[in-house]
Amino acid sequence: MSLGAQAEPGAEAADPADSTDSTDPTDAADSAGISRRPGIALLVIAAAELMVVLDATIVNIALPSIQSGLKMSAGDLAWVVNAYAVTFGGLMLLGGRAGDLFGRRRVFRFGIVVFVLASALGGLAPNSGLLVCARVLQGVGAAVAAPTALALIATNFPEGKQRNRAMGTYAAMAGVGSTVGLILGGVLTEYLDWRWVLLVNIPIGIGVLAGTTVLGEADRSHGKLDVSGAAAGTAGLLCLIYAVTRGGQQGWTDRLTLTCFAVAAVLLTLFLVRQARIEHPMLPLRIFNDRNRAGTYATLFLVGLGMFATFYFLTLYMQHVLDYGAVRTGLAYLPFSVGIGMMAAIGSRLVVKLPPRLVAAPGLVVAALGMFWLSRLTPHSSYPGALMPAMFVTAAGLGCSFVPLTLGAVRGVEDRDSGSASGMLNTAQQIGGALGLATLATLSTSFADNRLPRADAAYFSGLRTHDGALVIRAQEAMTYGYTRAFVVGALVFATAALIMATVVNAPKQEASGS
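Start counting the sequence shown at 57; every next residue gets the next number (our numbering).
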């Protein structure tokens, strides 16, 4: 569930002209770039967003099946999620800039092609290494397709009711995609095979590509594409996450672990220095000068950290400890989706009456309480008595914070930086989620292994040998690891609430503006 897809008002302002290049006309778009078939155009854009958001959650349900099918360790399993999240978040700003320079429709098509090919590669992957590589490529395709899809709304729909309706449909795909991903992932995994959670993207992607002929094109911007900066930033993040993962497995004094930390520090420093010096930076550092915006990005980073970990560990808990099937696991997430959707609607009304900190901070406190409730789970906890209400409380708190965070990310930004500011909304959440998942997966494994050495391996060994006593011991150890991660998640949400309450001081009228 991505905050960024909820609304990115900056994308509209980032487009200097909503007109089509006269050298690239289509029979479905007029000379101003406005699509003559708005219904089909909206369907194409919404389907693309649905596919990208769906892929962020559909794989979560299949994680236990992927782990057993490809013989992956608990530490390596997190890379199935993180490989996608890091490249998606790290390259999203570059993808949006590429659309401005080379044509949004053209770049959008390229992103969809890469995404579809990567999905095919992942679905056919014979080993974990190739699967992770495919997820990296999926992230590249998503980073190109997602921001250009949003920008194409500004190109293809005139200002006013029509564009607002299109933006609303696009935003709705975030919640719909997440929920559909959880349920569809369960159905495909349980009744077909985990590989179909990736292969299902192929027919969707082909349909999107076929419909791009109705999309209009905008004039191209002038400038340069900061490929080296994007490469340095993304590579630095990958090195950092690998170092965190390896450190938990091999020890924090391991030579390769220390080397990766050092390389990550160098690459990320080079990225920041480059962004400060070049004429057309991918990430203008001046967008962080505003106190409210900087505080919002920090909060988004922490929210992403907690949300990714919640989905990851709840899925493993339900399938490994409670013995839920994939379909039942997907359906068990429905209260989470309901809680977010219901409170997001209420939050959108509260932000016009209260300052954003008075809406988001209490919501994040509630989310922290929900995470603490999840930390009390045991191998014998019931769904209606413990798991369902704890999930709902967590989701309700997060949902209440979504609208003020989305508004705060683009509040008061200059027109020239609106695209970067809105893109940073997604990037902060994705990178926070990837780094947090790597850290919490390492922490969870460490706590579990303290109770039972190699607890996840012992669990699968017990299943193969029908050793019920070993399975129970492994489930108890894994539950302890999962719940320790939930404790940290509760502290993360509490910290996010503190930042919103003390750093962000925007008045209510400003929060409801930009």
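Beta carbons: idealized from backbone N, C-alpha and C, even for Gly. In this text, all values refer to a predicted model and were calculated from it rather than measured experimentally.
So, using beta-carbon positions, are ALA365 and ILE117 closer together than 7 angstroms?
-> Along the sequence shown, one-based indexing puts residue 365 at 309. Along the sequence shown, one-based indexing puts residue 117 at 61. No.
Uninterrupted alpha helix (DSSP H) stretches inside the region 510–559 (no shorter than 4 residues) = Those alpha helix (DSSP H) runs which fall completely within the region 510–559 and span 4+ residues are 511–521, 524–558.
On the premise that ILE334 lies in contact with ASP249, defined as a C-beta separation below 8 angstroms, what is that separation, rounded to the nearest angstrom?
-> Here residue 249 refers to the residue found at position 193 of the sequence shown. Here residue 334 refers to the residue found at position 278 of the sequence shown. The Cβ separation is near 47 angstroms, so there is no contact.
Give the secondary structure of VAL256 by DSSP, where H, G and I count as helix, E and B as strand, and everything else as coil.
-> Your numbering for residue 256 matches position 200 in the sequence shown. Look at VAL256 here: in three-state DSSP terms it is coil, with no helix or strand label.
Identify which residue in GLN531, GLY492, PHE516 has its Cα closest to the Cα of PHE549.
-> On the sequence shown, residue 549 is found 493 positions in, with the first residue counted as 1. Measuring C-alpha to C-alpha distances from PHE549 to each of GLN531, GLY492, PHE516 identifies GLY492 as the nearest.
Looking at C-beta atoms only, is the number of pairs between the region 534–552 and the region 421–432 that lie closer than 8 angstroms three or more?
-> Three or more beta-carbon pairs separated by less than 8 angstroms link the region 534–552 to the region 421–432, which places the two stretches in contact.
The alpha helix (DSSP H) spanning LEU294 covers which residue range?
-> In the sequence shown, the residue the question calls residue 294 occupies position 238. From DSSP, the alpha helix (DSSP H) with LEU294 extends over 283–306.
Candidates ALA103, LEU244, GLU532: closest to ILE168 by CA position | Start at 1 with the first residue of the sequence shown, and residue 168 comes out as number 112. Per the Cα distances, ALA103.
So what's ASP379 in DSSP terms, helix, strand or just coil?
-> Within the sequence shown, the letter at position 323 stands for residue 379. Correct three-state label for ASP379: coil.
Whose C-beta lies closer than 8 angstroms to the C-beta of GLN531 among residues of the same chain, with five residues either side of it excluded?
-> Counted from its first residue, the sequence shown places residue 531 at position 475. Taken in chain order, the residues that qualify are HIS376, VAL377, PRO435, TYR515.
Is it buried or exposed for TYR140, if we count other Cβ within 10 angstroms and need 16 for buried?
-> Along the sequence shown, one-based indexing puts residue 140 at 84. Result: buried.
Every unbroken alpha helix (DSSP H) inside the region 344–376 [4 residues or more] = Counting whole runs of 4 or more residues, the region 344–376 contains the alpha helix (DSSP H) stretches 347–372.
For SER184 and PRO509, the rounded distance between their alpha carbons | If you number the sequence shown from 1, residue 509 lands on position 453. If you number the sequence shown from 1, residue 184 lands on position 128. Rounded to the nearest angstrom, the two C-alpha atoms are 23 angstroms apart.
Sequence-distant residues of the same chain with beta carbon closer than 6 angstroms to LEU341, five excluded per side | Against the sequence shown, residue 341 aligns to sequence position 285. The answer, listed in chain order, is GLN331, ALA332.
Among SER129, SER124, ALA97, ASN257, which one has its Cα closest to the Cα of ASP505?
-> Taking the first residue of the sequence shown as position 1, residue 505 is located at position 449. Taking only the C-alpha atoms, the option nearest ASP505 is SER129.
Quick one, which of THR211, ALA154, THR355, TYR380 has its alpha-carbon nearest GLY419's?
-> For the purposes of this step, residue 419 is identified with residue 363 of the sequence shown, where counting begins at 1. The shortest Cα separation from GLY419 among THR211, ALA154, THR355, TYR380 belongs to THR355.
Buried or exposed for GLY455, please, with buried defined as at least 16 other CB atoms from any protein chain shown within 10 angstroms of its CB.
-> Within the sequence shown, the letter at position 399 stands for residue 455. Counting Cβ neighbours within 10 Å, GLY455 comes out buried, since at least 16 surround it.
Smallest Cα separation from GLY395: which of GLY307, MET447, GLN305, GLY195?
-> For this step, residue 395 is matched to residue 339 along the sequence shown. Here the closest residue by C-alpha is MET447.
If you follow the alpha helix (DSSP H) that PHE158 is part of, which residue opens it and which one closes it?
-> Working through the sequence shown from its first residue, we reach residue 158 at position 102. Run containing PHE158: 130–158, per the alpha helix (DSSP H) assignment.
Does the distance from the C-beta atom of VAL109 to that of ALA490 stay below 7 angstroms?
-> Residue numbering aside, residue 109 sits at position 53 when the sequence shown is read from its first letter. Residue numbering aside, residue 490 sits at position 434 when the sequence shown is read from its first letter. Cβ distance not < 7 angstroms, so VAL109 and ALA490 don't count as in contact.
Are MET556 and ALA417 closer than 7 angstroms when you measure CB to CB?
-> For this step, residue 556 is matched to residue 500 along the sequence shown. For this step, residue 417 is matched to residue 361 along the sequence shown. Remark: C-beta atoms of MET556 and ALA417 approach each other more closely than 7 angstroms.
How close, in whole Å, do the beta carbons of PHE144 and ALA222 come, if the pair is a contact with beta carbons under 8 angstroms?
-> The residue you call residue 144 lines up with position 88 of the sequence shown. The residue you call residue 222 lines up with position 166 of the sequence shown. Not confirmed; about 23 angstroms, so no contact.
If you count every other CB in all the chains shown that lies within 10 Å of the CB of GLY488, and 16 or more means buried, which is it?
-> Position 432 of the sequence shown, counted from the start, is the residue given in the question as residue 488. That one is buried.
Secondary structure at ASN561, three-state DSSP: helix, strand or coil?
-> Along the sequence shown, read from residue 1 onward, the residue named residue 561 stands at position 505. Taken through DSSP and simplified to helix, strand or coil, ASN561 comes out as coil.
Would ASN138 be called buried (16 or more neighbouring beta carbons within 10 Å of its own) or exposed?
-> If you number the sequence shown from 1, residue 138 lands on position 82. Buried, because 16 or more other Cβ atoms sit within 10 Å of the Cβ of ASN138.
What residue does the alpha helix (DSSP H) around PRO203 start on, and which one ends it?
-> Along the sequence shown, read from residue 1 onward, the residue named residue 203 stands at position 147. 184–212 is the span of the alpha helix (DSSP H), which, as asked, contains PRO203.
With DSSP as the reference, label MET398 as helix, strand or coil.
-> Position 342 of the sequence shown, counted from the first residue, corresponds to residue 398. Looking at MET398 - three-state DSSP - the assignment turns out to be helix.
Taking GLY263 and THR113 to be in contact with their CB atoms under 8 angstroms, please state how far apart those CB atoms are, rounded to whole angstroms.
-> For the purposes of this step, residue 263 is taken as residue 207 along the sequence shown, with counting starting at 1. For the purposes of this step, residue 113 is taken as residue 57 along the sequence shown, with counting starting at 1. Not a contact, Cβ separation roughly 20 angstroms.
Going straight from the alpha carbon of ALA525 to that of MET534, what length do you get?
-> Within the sequence shown, residue 525 is the residue found at index 469, counting from 1. Within the sequence shown, residue 534 is the residue found at index 478, counting from 1. Each residue's alpha carbon lies about 14 angstroms from the other.
Could one say the Cβ of ARG161 lies closer than 7 angstroms to chain B's Cβ atoms, at least one of them?
-> This model lacks chain B altogether; it includes just one protein chain.
Where ASP346 and TYR353 are concerned, what is the direct C-alpha to C-alpha distance, given to the nearest angstrom?
-> Taking the sequence shown and counting its residues from 1, the one referred to as residue 346 is at position 290. Taking the sequence shown and counting its residues from 1, the one referred to as residue 353 is at position 297. Cα to Cα, ASP346 sits roughly 11 angstroms from TYR353.
What residue does the alpha helix (DSSP H) around ALA416 start on, and which one ends it?
-> In the sequence shown, the residue the question calls residue 416 occupies position 360. Where ALA416 is concerned, the enclosing alpha helix (DSSP H) starts and stops at 412–430.
Same chain, Cβ closer than 7 angstroms to THR501, neighbours up to 5 away in sequence not counted | Walking along the sequence shown from the start, residue 501 turns up at place 445. For THR501, same chain residues with a beta-carbon under 7 angstroms away, outside a window of 5 residues either side, are ALA130, GLY131, GLY304, GLY537 in chain order.
Inspect the beta-carbon positions of SER320 and LEU339 and report whether they are closer than 7 angstroms.
-> For the purposes of this step, residue 320 is taken as residue 264 along the sequence shown, with counting starting at 1. For the purposes of this step, residue 339 is taken as residue 283 along the sequence shown, with counting starting at 1. For the sequence presented, residue 320 should be read as Ala rather than Ser. With contacts defined as CB atoms closer than 7 angstroms, ALA320 and LEU339 fail to qualify as a contacting pair.
Drop a sphere of 10 angstroms on the beta-carbon of ARG405, count the other beta-carbons inside from all chains shown, and report buried for 16 or more, exposed for fewer.
-> Here residue 405 refers to the residue found at position 349 of the sequence shown. ARG405 comes out exposed.
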